[in-house]
Each structure stands twice: as structure tokens, then as C-alpha cells.
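As C-alpha cells, the structure follows; a few thoughts come after it.
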Amino acid sequence: MPTLNSVPTSSLVSEPAQLNLIETARQTDANLALVKSTYEGHSSAENAKNLEHALANDARWTEAAGFPYTGTYIGFSAIAANVFARLEKEWDNYRVDIEDYVAQGDKVFAFGTYSGTYVKTGKHFTARVAHLWKIHSGKIVSFEQFVDSYTVVNAM
Numbered sequence: 001m002p003t004l005n006s007v008p009t010s011s012l013v014s015e016p017a018q019l020n021l022i023e024t025a026r027q028t029d030a031n032l033a034l035v036k037s038t039y040e041g042h043s044s045a046e047n048a049k050n051l052e053h054a055l056a057n058d059a060r061w062t063e064a065a066g067f068p069y070t071g072t073y074i075g076f077s078a079i080a081a082n083v084f085a086r087l088e089k090e091w092d093n094y095r096v097d098i099e100d101y102v103a104q105g106d107k108v109f110a111f112g113t114y115s116g117t118y119v120k121t122g123k124h125f126t127a128r129v130a131h132l133w134k135i136h137s138g139k140i141v142s143f144e145q146f147v148d149s150y151t152v153v154n155a156m
């Protein structure tokens with residue numbers, strides 16, 4: 001019999017509800033692992049490869065309003081060209097350091113800090129960031145960025 005904190009779940013919820021809770025927990029764990037793989041590889045190249053594999057073909061990637069690369073990009077090629085290639089070219093040591101994740105069902109939030117030095121100005125910045133990922137059938141279908149865009153733009 002399934003348990004929750006050592007209490008038999010049959011005393012808490014009906015059997016169909018138990019199965020739903022168990023499936024949601026499995027889905028949450030799998031989705032969290034998928035998102036973590038895009039941040040926690042051994043290199044940025046590995047993270048990019050993991051992201052490409054994890055994205056649905058028509059995944060929507062939304063950079064925050066006011067961010068230098070603001071917009072919504074569809075599919076890995078558009079994301080790579082309009083976001084990652086520009087970050088690599090325009091910034092020295094651009095990083096995202098994720099400190100915490102919150103996951104439930106088909107949604108995963110990642111919280112952390114961006115940092116980098118803009119090549120043209122030599123100005124360094126650090127800014128807090130949150131990413132919202134949505135997953136369907138084992139593939140990332142959307143990404144939305146929340147960031148202190150002013151701090152990033154001020155370094156440019």
C-alpha cells in the first residue's frame with residue numbers, strides 16, 4: 001500500500017486519487033531531472049546538447065521584456081541563433097548559476113543568478129533570474145525568463 005510520510009495513503013485519499021498523486025510525483029521528478037540536465041552538465045556544450053534533445057520541435061522560448069534579446073523564439077535553431085550565439089559573442093564569462101528548483105507536475109521553476117562582462121563596455125553585472133519551464137510528454141514545450149533586465153542592460 002502506498003504511503004506518504006509513513007501514513008498509508010488509503011486513509012487520506014481514495015484509490016484513484018492515490019494513483020493520480022503517485023503519477024504526478026513521478027511526472028514531477030522526471031520533469032525536474034529533464035530541466036536540471038540543461039543546467040548541470042559538465043560543460044556549456046553538454047548543457048546545449050541536453051537542451052536540444054529535451055526541447056519539442058515547436059518549443060516556445062520567451063526572453064523577458066527589456067532584456068537585450070527580448071522576444072519569443074520557436075525551436076532550438078532560432079533559440080541558438082537569437083540567444084545563445086549572441087550571449088557567447090557579446091559577453092565574457094556569461095553564466096547562469098541555478099541555486100534552487102521548484103517543480104510540480106508539468107512546471108519547473110529554476111531560480112538563480114546571471115553574471116557576465118559585456119565585451120564592448122567591459123562592465124560586469126549580476127542579476128537575479130527565474131526561469132519557468134513547461135513540459136509535455138517528456139519534452140520541454142516552453143521556457144519563460146524573468147530577470148532584472150535593467151541591471152543587464154546597464155552593463156551594455
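Reminder that position 142 of the sequence shown reads as 142 in our numbering, one-by-one numbering, no gaps.
By construction, the Cβ of each residue, glycine as well, lies at the ideal position given by its N, Cα and C atoms.
In the DSSP assignment, LYS123 forms no beta bridge with any residue. At a Cβ-Cβ threshold of 8 angstroms, ALA64 and THR38 do not count as neighbours.
Between the alpha carbons of THR113 and SER137 lies a gap of roughly 29 angstroms.
Closest option to SER142, judged by alpha-carbon separation, among ARG128, ALA103, TRP133 and ASP148: TRP133. Going by DSSP, VAL108 is part of the beta strand (DSSP E) stretching over 107 to 118.
Within the same chain, GLU90, TRP91, ALA155 and MET156 come within 7 angstroms of TYR118 by CB-CB distance, once the 5 residues on both sides are set aside. Taken through DSSP and simplified to helix, strand or coil, ALA25 comes out as helix.
Assignment of alpha helix (DSSP H) within the stretch 30 to 96, counting only whole runs of 4 or more residues, yields 44 to 54, 76 to 79 and 85 to 90 in chain order. Assignment of beta-bridge partners to VAL129 by DSSP yields GLY112 and VAL147. Here ARG95 has SER115 as same chain residues with Cβ atoms under 6 angstroms from its own Cβ, once five neighbours each way along the sequence are excluded.
Non-local beta-carbon contacts of TYR69 in its own chain, meaning distances under 7 angstroms to residues more than five positions away in sequence, involve GLU63, ASN82, VAL83 and ARG86 in chain order. With contacts defined as CB atoms closer than 8 angstroms, GLY66 and VAL129 fail to qualify as a contacting pair. As a beta-bridge residue in DSSP terms, VAL102 pairs with PHE109. If you compare the alpha carbons of GLU144, TYR150 and LEU34 with that of PHE125, the shortest gap goes to TYR150.
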